[in-house]
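Enquirer: 1 is the number of the first residue of the sequence shown in UniProt numbering; add one for each residue after it.
Beta carbons: idealized from backbone N, C-alpha and C, even for Gly.
None of these values were measured; they are calculated from a predicted model.
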Amino acid sequence: MIIFYRVSFVNLLLVLPLSFFFKIQVVLFSNKWIKMYCPCIKSLDWGEYYDEDSIETLRNEAADFYMNHFQKRSTKVLNLLSTDFRPKMDQVSCLYFEVQFVLFHLSKKLQDIWFVENIHSKILFNSFPEAQEFIIKRSFRILNILNISLESIELYIVNLLKVCSILMNLMIRFFRVPLRHQFKIINDSVNPNELNFDSNDRSFLWLIKLAPDLKESMLFILPHLTEQQRVFVKQFGINYINHNSDLFIFLSRFDRFLLIWKYVLKFLLDLSLIFRNLEFVFINSITSDLIIWDRFIQKQNIISYLTSISSIGSEKPLVVLLNSKNVKTIIYAYSANSFNYTKKMIHRDSYAYFCEVICSEFVVWHEEFKQFLLYHKYKGQVYILGPLMPGIEPEDSNKNLREKYLPKDIQRKFIITIFDIPPLNLKSNTLLSFPWPDYNTEENLFIFLSDCIRLLEFYEELVMVYKPKRNLSINKFQATERITKLLEFTLKSGRLITLDDKINPWFPIEICDLAIGMPFTSPVLIAMNKGKHFIFHDAANKAVYHRYLKLNDHITHSFDQLKGKISKILLKEDKNIFDKNNGFYESKRSNRTAKLVEILTIPRGGAINGR
């Protein structure tokens with residue numbers, strides 16, 4: 001078997017012919033069409049070789065090795081725009097090292113595996129020579145040379161095409177009337193596909209609805225909007241860009257003229273880049289659009305840049321540029337870090353993508369998340385704000401919300417809201433970044449939902465409200481037939497209400513008497529912070545060792561344990577007492593949004609109240 005790290009349309013010229021003679025497995029596909037139409041080229045199924053605990057062990061060992069030997073020790077300087085982009089290169093190398101570490105272990109486990117080197121391995125070994133101890137000896141030298149050459153050519157071509165595209169967009173926009181607008185905040189934390197545009201529920205406007213003064217000073221980055229989403233955004237009257245070239249509209253015609261010439265010169269210079277070193281070619285290929293950003297930042301008074309936790313470990317190169325301009329770059333954790341868990345006491349919760357965080361500041365929910373970051377030697381400022389989600393926290397009482405939204409016959413029932421963690425549908429053609437084996441499987445979800453719904457057989461006063469984390473009808477998270485049948489059957493009983501996945505996330509917590517979630521989804525911690533009953537139900541009995549040990553009294557590992565816990569709650573024998581110093585409880589619940597606004601609007605180095 002031959003393993004390639006990544007397959008694109010360029011090195012497919014090498015991989016496809018080989019697939020007729022050898023078994024080919026790939027860690028990453030650059031495009032889903034390759035995955036769909038080249039069935040002879042398979043994704044590397046880590047689960048075929050490792051169980052969940054084993055892969056957790058290896059990932060932890062990889063991160064620990066990286067922190068002890070490589071973290072912050074790279075000496076290469078990669079100057080572009082008078083900015084050293086070494087932090088971004090270190091981040092890329094760190095994420096790749098995790099894969100290289102596991103592949104190296106796999107090569108010792110199986111004797112029939114051959115590995116083809118790539119530009120990422122070349123950059124890693126150039127930056128950290130000590131990493132060469134993880135070189136997989138069984139490789140084809142000629143294939144290594146061909147693959148690295150093809151990937152380098154791909155970088156070269158993609159970069160030239162990107163520069164040409166930017167130039168074309170700039171010329172098209174040259175004669176548009178410039179918009180004179182000063183921004184203070186760049187909001188890059190919104191995923192348009194996860195939030196509602198046509199609703200007041202989980203709207204991406206939650207922050208500026210709570211702090212209207214931010215509307216004029218905030219620029220949203222909203223890529224890949226559908227036509228319907230564009231219509232809604234225009235109705236909101238906010239400032240946003242779809243593409244980096246859209247920044248042109250905020251620049252004068254003189255600035256536009258300068259930028260066009262800069263990109264013409266860049267194109268001519270880039271024609272010769274194929275003869276430059278690999279690191280420079282790589283970083284140049286992912287920073288082409290920063291010339292526009294550099295000019296835009298010079299004309300603005302940007303205070304802060306906000307991105308989301310989903311970008312952790314893969315922040316945009318823009319963050320490096322903003323850091324060099326003394327702009328605050330902030331990661332906003334819109335959920336509590338769930339951490340991972342195991343059946344064996346084997347790991348210390350260290351992960352590669354937390355080892356090279358580029359953003360200068362972090363906004364988190366609780367003290368344990370802060371300690372988790374500090375363990376990874378994060379040097380930036382960490383703020384603990386308590387539960388803070390992309391939705392407006394209702395001011396109505398529990399009773400008023402029930403009367404307003406729920407049928408009368410169940411308003412006085414004991415309401416349990418259940419929160420899942422849907423597994424990825426690995427049979428879909430969705431592109432996944434390193435789909436490591438984990439415990440969030442279809443089997444675990446089915447057992448969890450079955451246990452929760454089974455409670456209805458024993459307690460007539462119960463009503464279930466099901467809040468799915470994702471849309472279970474889309475391909476990526478599509479529910480299996482047995483889960484669909486289970487939900488449909490229970491819905492007919494009238495004792496199960498299924499909510500939209502994009503509903504305001506505060507609502508299902510506000511209306512419930514008890515929150516039950518799979519370990520360790522964030523809404524359960526919100527219920528705890530609101531003084532409600534809460535349970536993490538480990539239906540498959542796999543969450544034995546984890547960072548939530550202080551909440552063990554609120555974790556059940558079987559249906560009998562869950563049923564016993566429910567009985568105590570209904571009989572009022574469970575007083576819902578928990579240790580308020582458990583590291584996950586944030587007692588200062590007021591003015592969380594005001595604190596976030598303060599963090600966003602005070603310049604870097606300024607004093608933040610309650611820091």
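Is the beta carbon of Asp500 less than 8 angstroms from the beta carbon of Lys469?
Expert: The residue labelled residue 500 in the question sits at position 500 within the sequence shown. The residue labelled residue 469 in the question sits at position 469 within the sequence shown. In this structure, Lys469 does not lie closer than 8 angstroms to Asp500 by Cβ.
Enquirer: Return the chain-ordered ranges of every alpha helix (DSSP H) run that is complete within the region 290–317 and spans a minimum of 4 residues.
Expert: Correct list: 290–299.
Enquirer: Have a look at Lys595, Ile497, Gln298 and flag the residue whose alpha-carbon is nearest the alpha-carbon of Leu81.
Expert: Here residue 81 refers to the residue found at position 81 when the sequence shown is read from its first residue. The candidate whose alpha carbon is nearest that of Leu81 is Gln298.
Enquirer: Below 8 angstroms CB to CB, which residues in the same chain sit around Val26 once its five sequence neighbours on both sides are set aside?
Expert: The residue given as residue 26 occupies position 26 in the sequence shown. The residues are Ile3, Phe4, Tyr5, Arg6, Val7, Val15, Ile41, Lys42, Ser43, Leu44.
Enquirer: For the region 339–350 against the region 60–78, do three or more pairs of beta-carbon atoms, one drawn from each stretch, fall closer than 8 angstroms, so that the two count as touching?
Expert: These segments touch.
Enquirer: Secondary structure at Ser43, three-state DSSP: helix, strand or coil?
Expert: Working through the sequence shown from its first residue, we reach residue 43 at position 43. Ser43 falls in the strand class under three-state DSSP.
Enquirer: I need the boundaries of the beta strand (DSSP E) containing Met464, first residue and last residue.
Expert: On the sequence shown, residue 464 is found 464 positions in, with the first residue counted as 1. 462–467 is the span of the beta strand (DSSP E), which, as asked, contains Met464.
Enquirer: The ligand SAH heavy atoms versus the CB of Val77: any closer than 7 angstroms?
Expert: The model depicted lacks the ligand SAH and carries no ligand whatsoever.
Enquirer: Just how far apart, CA to CA, sit Tyr585 and Ile241?
Expert: Translated into the one-based positions of the sequence shown, residue 585 becomes position 585. Translated into the one-based positions of the sequence shown, residue 241 becomes position 241. Cα to Cα, the separation comes out at about 37 angstroms.
Enquirer: Under DSSP, the beta strand (DSSP E) around Gly517 begins and ends at which residues?
Expert: Translated into the one-based positions of the sequence shown, residue 517 becomes position 517. Taken as a continuous stretch (DSSP letters only), the beta strand (DSSP E) holding Gly517 covers 514–517.
Enquirer: On the CB-based measure, 16 or more other CB atoms within 10 Å of its CB, does Val177 come out buried or exposed?
Expert: Translated into the one-based positions of the sequence shown, residue 177 becomes position 177. Exposed is the call here.
Enquirer: By Cβ distance below 7 angstroms, which residues in the same chain neighbour Lys370 in space, the five residues on each side in sequence not counted?
Expert: By 1-based counting over the sequence shown, the position of residue 370 is 370. Taken in chain order, the residues that qualify are Val364, Val382, Ile384.
Enquirer: Determine the burial state of Tyr156: buried for a count of at least 16 other Cβ atoms within 10 Å of its Cβ, exposed for fewer.
Expert: As a position in the sequence shown, residue 156 is number 156, starting the count at 1. Classification of Tyr156: buried, given that the 10 Å Cβ count is 16 or more.
Enquirer: What whole-angstrom Cβ distance do Leu361 and Ile392 have, given they're in contact under 8 angstroms?
Expert: Along the sequence shown, one-based indexing puts residue 361 at 361. Along the sequence shown, one-based indexing puts residue 392 at 392. With the sequence shown as reference, residue 361 is identified as Glu, and Leu is not the correct amino acid for it. No, Glu361 and Ile392 are not in contact; Cβ-Cβ is about 24 angstroms, not under 8 angstroms.
Enquirer: Could you pull the DSSP bridge partners for Trp114 from this structure?
Expert: Residue numbering aside, residue 114 sits at position 114 when the sequence shown is read from its first letter. Answer is Ile2, bridged to Trp114.
Enquirer: Taking C-alpha atoms, which residue in Asp270, Asn126, Lys532 lies nearest to Asn159?
Expert: The sequence position of residue 159 within the sequence shown is 159, counting from 1. Selected option, being the one with the closest Cα: Asp270.
Enquirer: Can you check which of these residues, His533, Glu598, Leu596, Trp293, is closest to Asp574 by C-alpha distance?
Expert: Translated into positions along the sequence shown, residue 574 becomes position 574. Of the candidates His533, Glu598, Leu596, Trp293, the one whose C-alpha sits nearest the C-alpha of Asp574 is His533.
Enquirer: Between Ala543 and chain C, is any beta-carbon pair separated by less than 8 angstroms?
Expert: Protein chains in the displayed structure number just one, and chain C is not present.
Enquirer: Please identify the residue among Asn284, Leu222, Leu290 whose C-alpha is closest to the C-alpha of Leu306.
Expert: Residue mapping note: residue 306 aligns to position 306 of the sequence shown, counting from 1. Per the Cα distances, Leu222.
Enquirer: Identify which residue in Glu356, Leu290, Ile283 has its Cα closest to the Cα of Asp246.
Expert: Counting from 1 along the sequence shown, the entry for residue 246 is found at position 246. Ranking Glu356, Leu290, Ile283 by Cα distance to Asp246 puts Leu290 first.
Enquirer: Tell me the start and end of each unbroken alpha helix (DSSP H) in the region 475–540 that is at least 4 residues and wholly inside, in chain order.
Expert: For the region 475–540, whole alpha helix (DSSP H) runs of length 4 or above, ordered along the chain, are 481–491, 507–510, 523–529.
Enquirer: Does DSSP put Asn79 in a helix, in a strand, or in coil?
Expert: Along the sequence shown, read from residue 1 onward, the residue named residue 79 stands at position 79. Residue state, collapsed to three classes: strand.
Enquirer: Mark Ile474 as exposed unless 16 or more other C-beta atoms lie within 10 angstroms of its C-beta, in which case mark it buried.
Expert: Numbered from 1 along the sequence shown, position 474 holds the residue referred to as residue 474. The residue is exposed, with fewer than 16 neighbouring Cβ atoms inside 10 Å.
Enquirer: Tell me the rounded alpha-carbon separation between His594 and Leu146.
Expert: Position 594 of the sequence shown, counting from 1, holds the residue named residue 594. Position 146 of the sequence shown, counting from 1, holds the residue named residue 146. As written in the sequence, residue 594 is Ala, which differs from the His given in the question. So the alpha carbons of these two residues sit roughly 55 angstroms apart.
Enquirer: So is Cys94 buried or exposed if we call it buried at 16+ other beta carbons inside 10 Å?
Expert: Numbered from its first residue, the sequence shown carries residue 94 at position 94. Flag for Cys94 reads buried.
Enquirer: Answer with buried or exposed for Asn591, where buried requires no fewer than 16 other C-beta atoms within 10 angstroms of its C-beta.
Expert: As a working mapping, residue 591 is identified with position 591 in the sequence shown. Flag for Asn591 reads exposed.
Enquirer: Per DSSP, what are the beta-bridge partners of Glu361 in this structure?
Expert: The sequence position of residue 361 within the sequence shown is 361, counting from 1. Beta-bridge pairing links Glu361 to Ile330, Gln381.
Enquirer: Going by DSSP, what residues sit across from Gln25 in a beta bridge?
Expert: Taking the first residue of the sequence shown as 1, we reach residue 25 at position 25. DSSP lists Ile3, Lys42 as partners of Gln25.
Enquirer: How about Val327 and Ile358: are their beta carbons less than 8 angstroms apart?
Expert: Position 327 of the sequence shown, counted from the start, is the residue given in the question as residue 327. Position 358 of the sequence shown, counted from the start, is the residue given in the question as residue 358. Cβ distance not < 8 angstroms, so Val327 and Ile358 don't count as in contact.
Enquirer: Taking DSSP as the reference, what is the three-state secondary structure of residue 627?
Expert: No statement about residue 627 is possible, as the shown extent of the chain runs from 1 to 611 and does not include it.
Enquirer: To the nearest angstrom, how far is it from the Cα of residue 682 to the Cα of Lys23?
Expert: Lying outside 1 to 611, the shown extent of the chain, residue 682 is not represented and no answer is given.
Enquirer: Within the same chain, show all residues whose beta-carbon is closer than 8 angstroms to that of Lys550, passing over the 5 residues directly before and after it, in chain order.
Expert: Here residue 550 refers to the residue found at position 550 when the sequence shown is read from its first residue. Only Asp579, Asn582, Gly583, Phe584 meet the Cβ criterion.
Enquirer: Can you say whether Gln182 is buried or exposed, counting buried as having 16 or more other CB atoms within 10 angstroms of its CB?
Expert: On the sequence shown, residue 182 is found 182 positions in, with the first residue counted as 1. Burial call: exposed.
Enquirer: Please report the residue range of the alpha helix (DSSP H) in which Asp255 lies.
Expert: Position 255 of the sequence shown, counted from the first residue, corresponds to residue 255. Taken as a continuous stretch (DSSP letters only), the alpha helix (DSSP H) holding Asp255 covers 253–270.
Enquirer: Suppose you measure from the CA of Cys38 to the CA of Lys32; what does that come to, to the nearest Å?
Expert: As a working mapping, residue 38 is identified with position 38 in the sequence shown. As a working mapping, residue 32 is identified with position 32 in the sequence shown. Distance between the alpha carbons of Cys38 and Lys32: 10 angstroms.
Enquirer: Leu110 to Val99, Cα distance in whole Å?
Expert: For this step, residue 110 is matched to residue 110 along the sequence shown. For this step, residue 99 is matched to residue 99 along the sequence shown. C-alpha separation (whole angstroms): 16 angstroms.
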